[in-house]
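For reference, the structure discussed in these notes is given below.
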Amino acid sequence: MPYPLGATWDGTGTNFALFSENAEAVELCLFDRQGYERRLPMRDHTAFIYHCYLPGIGPGQRYGFRVHGPYDPAAGHRFNPNKLLIDPYAKSIDGGVDWGGEAFGYPLGEDDLAFDERDSAPHVPKSIVVNPFFDWGDDRHPKTPWTETIIYETHVKGLTMRHPDVEPELRGTYAGLASPVVIDYLADLGVTAVELQPVHHLIHDHFLVEKGLRNYWGYNSIGFFAPHDEYAAWGADGRQVYEFKSMVRELHEAGLEVILDVVYNHTAEGNHLGPTLSFRGVDNLSYYRTVEDDPRYYMDYTGTGNSLNVRHPQVLQLIMDSLRYWITEMRVDGFRFDLASTLARELHDVDRLSSFFDIIQQDPVISQTKLIAEPWDVGEGGYQVGNFPVLWTEWNGKYRDTIRDFWRGESAVIGETATRLSGSSDLYEGTGRRPYASINFVTAHDGFTLRDLVSYNEKHNEANLDDNSSGEDHNRSWNHGHEGPTDDPEINALRLRQQRNFLATLFLSQGVPMLLGGDEFGRTQQGNNNTFCQDNELTWYAWQWDDEQRSLHDFTRFLIDLRKRHPVLRRQQWFRGVDRGGMADLDWLQPDSKPMTEEDWAGAHLRALTFFLNGQAIPNLDKRGRRITDDSFLVMLNSDDEEISFKVPPSRYGKRWHVVFDTASVTLSGRVRLRSSDRRPVTARSVVLLRRQDDARDG
């Protein structure tokens, strides 16, 4: 049967199906445990799909394809039957690449127009037939509303590799992430979703292996249906699929959603000089975006050497089939699309209404999941923050940059800071989206950790063995007077305060907060802001904390709980101005409590701000459709390098207030009382949160 594509076991045998529009013949290759190969011509050929059914072939069977056709790189064809190919639809893949020359379609070191006759089979991964049956029990998708979502970005291996309470044989695996101690930690912290860096089967790049490094981040996929075998504790003979499903089931039981970081914009085969592992040898012209008048070369919108050809209907189908598979069979809850602008390129420019977005909008399965775009690529016009369709949320890079600038003490950013704190309406309101379209973050896997962000002025990527050339060039001055670790108590106190400032800002902002895993306890990568190749203790989370780390963790947990308890911090609708009682739902004030003027917003002098959140004027509705009311808050922000005396606003905002927290203190402030028009000193570079006592909802 031509469908479904890939290898499908029905209980008595397996159907194999492979698409190739330009191939002349295809052989199915079966391998036994000793590596002996049996080749079977696939004689059935329907609508460019080669297929056959083999009775008696079942789960655990290793296989691959050899595809015959012209080897003519100048015309875009790179068929080479000497190269064993991974099934693009393989549900399980075992092994990596032995980086001799055998994996390349041309003699390595020579011109790629030449043809290599060496057999690659002993040196490349094998596809594996899997058993699709799994007892999900009463598993359900948590379906956490966007307004209640708190994302924890993490890495399957890095999260658990050094965890002392995870069984040694489970550390760094799907089963390790599903350990009760890890799930209890995440649930206690209060996050609602784990966003996992890529788990699609990946290849460790040739240039990294030559240096003794590995592709730790995993943005180098070669199998869009297969969970990476190196993260499997239970073995790689297809059992990684069962282990992954078990992990999802356990996370769901704890109420945690699973979001996958997916990389459909390119593959691990690299540029025209890369290896022939799968797509290149199956049908290069169909799968890859080649240069229009010189198809020997690839369009590269990703900085990795190639871009998938999403304009081709079969490639688009591959991506959609992969997404549906991870939702329906693996039961994940959403996706973060790496370099998503690449997927929108119909011709050259990014097209907001491209086929990719249209088909997702119409898909009854995919459209119901959480969809997150990294809204940029490296091509011309690729920065598309705010331009994705209505179903999508976006990593808000402008939020990250603005909030970082504000806490550095940069001038002339107060206006944009207010816009970012209130949900970035300038980016999302005009497209029919809500405040939760903005995925707010200060740090992510790509860049400094939060602790390093406030501790280093320059990157320190020497461990990458590239003369410190990779990664963001600089961090701009934090005026700490010291680079990296120090024994100076004042500098350390300021750095800890800045971490609390960023965390407080993140969880007090409208939109969806994303916390980089480990930032809640001050994880460091020693100034390396591009750890993509560091699969070692530099990136693995260290779970032995000092007192400062424990206090930071407790503060983060407090902030998350505060956000969960107060819907005014996570509005469903945009701020509208004045409510029926004459009070604004949001108000911006100078430190002396005077209203902000146009001159204040436009000026370069102001580095401090108060904003009022009116809990009596929020548009949120409960499950019965009833309007929700909440407490009201005042947020005092001081990014200046001097202490500023803030004035509590007049009584119309509230007569009695208490201090919820002050980031200048390592402990929560307790019940410090204030009245309207009182003065409150706010330490240089700190946040003070006041809660209106007049509301008296829970003390």
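Quick note on my numbering: the sequence shown kicks off at 1 and runs consecutively.
Where a beta carbon is used, it is the ideal one built from N, C-alpha and C, also for glycine.
For residue 347, which residues from the same chain have a beta carbon less than 6 Å from its beta carbon, with the 5 sequence-adjacent residues on both sides left out?
Summary for residue 347: the model assigns pLDDT 48, below 50, so the residue's position carries little reliability; its value from the coordinates is reported in the next sentence. For residue 347, where only same-chain residues beyond five positions count, there are no Cβ hits under 6 Å.
Looking at the structure shown, is residue 347 part of a helix, part of a strand, or coil, going by DSSP?
Legend: pLDDT at residue 347 = 48, less than 50; position of this residue unreliable, value from coordinates given subsequently. Looking at residue 347 - three-state DSSP - the assignment turns out to be coil, as it is neither helix nor strand.
Give the straight-line distance between the Cα atoms of residue 483 and residue 294, rounded to the nearest whole angstrom.
Roughly 48 Å between the two C-alpha positions.
Answer with buried or exposed for residue 275, where buried requires no fewer than 16 other C-beta atoms within 10 angstroms of its C-beta.
Under this definition residue 275 is a buried residue.
Pair every Cβ in the region 148-168 with every Cβ in the region 98-114, then say whether three or more of these pairs are closer than 8 Å.
Touching, no.
DSSP three-state label for residue 247, please.
If DSSP states are grouped into helix, strand and coil, residue 247 belongs with the helices.
Quick one: what does DSSP say residue 523 is sitting in, helix, strand or coil?
Coil.
Report buried or exposed for residue 300, applying the criterion of at least 16 other Cβ atoms within 10 angstroms of its Cβ.
That one is buried.
Apart from the five residues just before and just after residue 253, which ones in its own chain have a Cβ nearer than 6 Å to its Cβ?
No residues qualify anywhere along the chain.
In terms of alpha-carbon separation, which member of 96, 88, 277 and 330 lies closest to residue 316?
Measuring from the Cα of residue 316, the nearest candidate turns out to be 88.
Figure out for me which residue from 95, 7, 172 and 543 has the closest Cα to the Cα of residue 524.
Checked all of 95, 7, 172 and 543; the closest Cα to residue 524 is 543.
Residue 693 by DSSP, collapsed to three states: which one?
Coil, per DSSP.
With a 10 Å radius around its C-beta and 16 neighbouring C-beta atoms as the bar for buried, classify residue 733 as buried or exposed.
This structure cannot settle anything about residue 733, because the visible part of the chain is limited to 1 through 699.
Residues in its own chain within less than 8 Å of residue 674 by CB, not counting five upstream and five downstream?
Counting only Cβ-Cβ distances below 8 Å, and skipping sequence neighbours, we find 648, 656, 657, 658, 659, 680 and 690.
Using C-beta distances below 6 Å, list every residue in its chain close to residue 515, excluding the 5 sequence neighbours before and after it, in chain order.
152.
May I ask you to report which of helix, strand or coil DSSP gives residue 77?
Three-state DSSP puts residue 77 in a strand.
If you follow the beta strand (DSSP E) that residue 153 is part of, which residue opens it and which one closes it?
151-154 is the extent of the beta strand (DSSP E) around residue 153.
Please identify the residue among 590, 603, 686 and 627 whose C-alpha is closest to the C-alpha of residue 650.
Closest by alpha carbon: 590.
Which of the three DSSP states is assigned to residue 301 in this structure?
Coil, per DSSP.
Drop a sphere of 10 angstroms on the beta-carbon of residue 427, count the other beta-carbons inside from all chains shown, and report buried for 16 or more, exposed for fewer.
Residue 427 should be labelled buried.
Extract the residue ranges of the alpha helix (DSSP H) inside the region 99-186, only unbroken runs of 4 or more that lie entirely within it.
If we require 4 residues or more, the alpha helix (DSSP H) runs fully inside the region 99-186 come out as 156-160 and 174-177.
Are there any heavy atoms of the ligand NAP lying less than 7 Å away from the beta-carbon of residue 538, as far as the coordinates show?
Questions concerning the ligand NAP fall outside what the structure shown contains, since it holds no ligand whatsoever.
Which full runs of the alpha helix (DSSP H) of 4+ residues lie inside the region 408-456, going along the chain?
Correct list: 414-421, 425-428 and 450-453.
Just to confirm the assignment, what range does the beta strand (DSSP E) spanning residue 367 have?
No beta strand (DSSP E) holds residue 367; DSSP gives it neither H nor E.
Around the Cβ of residue 597, are there at least 16 other Cβ atoms within 10 angstroms (buried) or fewer (exposed)?
When all chains shown are included, residue 597 counts as exposed.
What are the uninterrupted segments assigned as alpha helix (DSSP H) that are 4 or more residues long and contained completely in the region 520-566, given in chain order?
547-565, all fully within the region 520-566.
If we count the other Cβ atoms within 10 Å of its Cβ and call it buried at 16 or more, is residue 628 buried or exposed?
Exposed is the call here.
Taking the alpha carbon of residue 399 as the point to measure from, which residue in 188, 416 and 411 has its own alpha carbon closest?
For residue 399, the nearest C-alpha among the options comes from 416.
Going along the chain, which residues of its own chain have a beta-carbon closer than 8 Å to the beta-carbon of residue 170, five neighbours each way excluded?
160, 176, 179 and 233.
Where do the N-terminal and C-terminal ends of the alpha helix (DSSP H) with residue 281 fall, by residue?
Per DSSP, residue 281 belongs to the alpha helix (DSSP H) from 279-287.
Please determine if the region 425-445 and the region 134-149 are in contact, where contact requires at least 3 C-beta pairs separated by less than 8 Å.
Yes, the region 425-445 is in contact with the region 134-149.
Do residue 158 and residue 231 come within 8 Å of each other at the CB atom, strictly closer than that value?
Not a contact, by the Cβ cut-off of 8 Å.
Counting pairs of Cβ atoms below 8 Å between the region 58-66 and the region 185-204, do you hit three or more?
Cβ pair count under 8 Å is below three, so no.
So, under 8 Å CB-CB, residue 124 and residue 65 are touching, yes? Tell me the CB distance rounded to an integer number of Å.
Wrong, their Cβ atoms sit about 12 Å apart, outside the cutoff.
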